[in-house]
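Reviewing the structure listed below.
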Amino acid sequence: MAPSAKLILASGSPRRLALLDQIGIQPDELAPVDADETPLKSEAARSLAKRLCKVKAEMAAENIKRRGEDNGSYILAADTVVAVGRRILPKAELLDEAAGCLRLLSGRAHKVYTGVALITPKGVFRQRLVETRVRFKKLSNDEFESYLASGEWRGKAGGYAIQGIAGAFVVKLIGSYTNVVGLPLFETANLLEGEGYPVHYNWLSASG
């Protein structure tokens, strides 16, 4: 059954778009929002991920409504948070931020949380939170400096992208790999399917 309603992804992340494409889901529209991602005082990482994905979905819905195009769409949003203990790591934009993240991650375990939010065409709100545990090797000075020089950390939660160079640092991973990339596919597909979106539609014409 072809989709009867549009799917709008409230994100401009090429990683999330590629993950959805991996399971045959192609959003009809990308509607990124500019949400304040600053943690609240004493806010836990898991609470931050849940709050931000909800905020992003609601902001996208409001933007669409403001355009006069509130014709009943699925709105999907997500937010990924990396934490070492109770410390939430930033989405590194500056070299010093990335260096600080790497120092904390080196030789230690950390947790990655992704909150996934869905607003259905009927206005129903659904949400999932996924946790993955990741352990990094102890980084050598050469690895540390070379990774910073790569620039791959820029804009990434915790200052790294597991699907890139930093994949070589991962000693152990417990949980969802795609969650660490930025969108847990199992939970996202189940969320959409449970609310009537035809997740398998494009599978019928897939080849190879």
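The sequence shown begins at -19 in the working numbering and counts up one residue at a time.
Quick reminder that beta carbons are idealized off the backbone N, C-alpha and C, glycines included.
These numbers come from a predicted model, not from an experiment.
Length of the line joining the Cα atoms of residue i and residue j
i	j	result
Ala206	Lys118	Residue 206 is absent from the structure shown; the chain starts at -19 and stops at 188.
Ala25	Ile142	19 Å
Arg31	Val61	11 Å
Ala57	Lys152	28 Å
Asp1	Gly65	33 Å
Gly103	Cys81	38 Å
Gly147	Arg67	22 Å
Gly188	Arg(-5)	Unreliable placement is indicated for Gly188, whose pLDDT of 47 sits below 50; the coordinate value is still reported in the next sentence. The straight-line gap from Cα to Cα measures roughly 22 Å.
Gly138	His180	33 Å
Ser(-9)	Ala41	12 Å
Ala169	Ser120	39 Å
Thr18	Ser(-7)	19 Å
Leu20	Asp59	15 Å
Ser192	Gly87	This structure does not reach residue 192, given that the chain is present from -19 up to 188, and the question cannot be answered.
Leu184	Ser22	47 Å
Leu171	Glu123	39 Å
Tyr140	Ala89	14 Å
Check whether residue i and residue j have beta carbons under 8 Å apart
i	j	result
Val110	Thr100	no
Asn182	Gly48	no
Gly91	Ala63	Per the sequence shown, the amino acid found at residue 91 is Lys instead of Gly. Their beta carbons are under 8 Å apart, which means Lys91 touches Ala63 by this criterion.
Gly144	Glu125	no
Ser53	Lys(-14)	yes
Val150	Val114	yes
Thr112	Gly176	no
Leu85	Phe116	yes
Close-in-space but distant-in-sequence residues of the same chain around residue i (CB under 8 Å, 5 per side omitted)
i	result
Leu128	Leu75, Ala78, Ala79, Leu82
Asn43	Ala11, Val13
Arg134	Ala72, Glu73, Ala78
Ala29	Asp59, Thr60, Val61, Tyr93, Thr94, Gly95, Leu109
Endpoints, the beta strand (DSSP E) within which residue i is located
i	result
Phe166	Looking at the DSSP string, Phe166 is not in any beta strand (DSSP E); the run it does join, the alpha helix (DSSP H), is 165 to 174.
Ala57	54 to 64
Gln107	105 to 116
Val160	Note, Val160: premise wrong, no beta strand (DSSP E); alpha helix (DSSP H) at 157 to 161.
Extent of the continuous alpha helix (DSSP H) to which residue i belongs
i	result
Glu38	25 to 46
Leu128	121 to 130
Gly95	Note, Gly95: premise wrong, no alpha helix (DSSP H); beta strand (DSSP E) at 89 to 99.
Leu84	75 to 85
Leu(-1)	-6 to 2
Cβ neighbours of residue i in the same chain (closer than 6 Å, five flanking residues each side left out)
i	result
Arg46	none
Gln107	Ala97
Pro70	Glu77
Leu(-11)	Pro7, Leu10, Leu56
Ser(-16)	none
7 Å Cβ shell around residue i - same chain, five flanking residues per side excluded
i	result
Thr158	Leu(-1), Pro164, Leu165
Ala225	In the structure as shown, the chain starts at -19 and stops at 188, and residue 225 therefore has no counterpart that could be examined.
Glu167	Val96, Arg108, Val110
Glu173	Val179
Lys136	Lys71, Ala72
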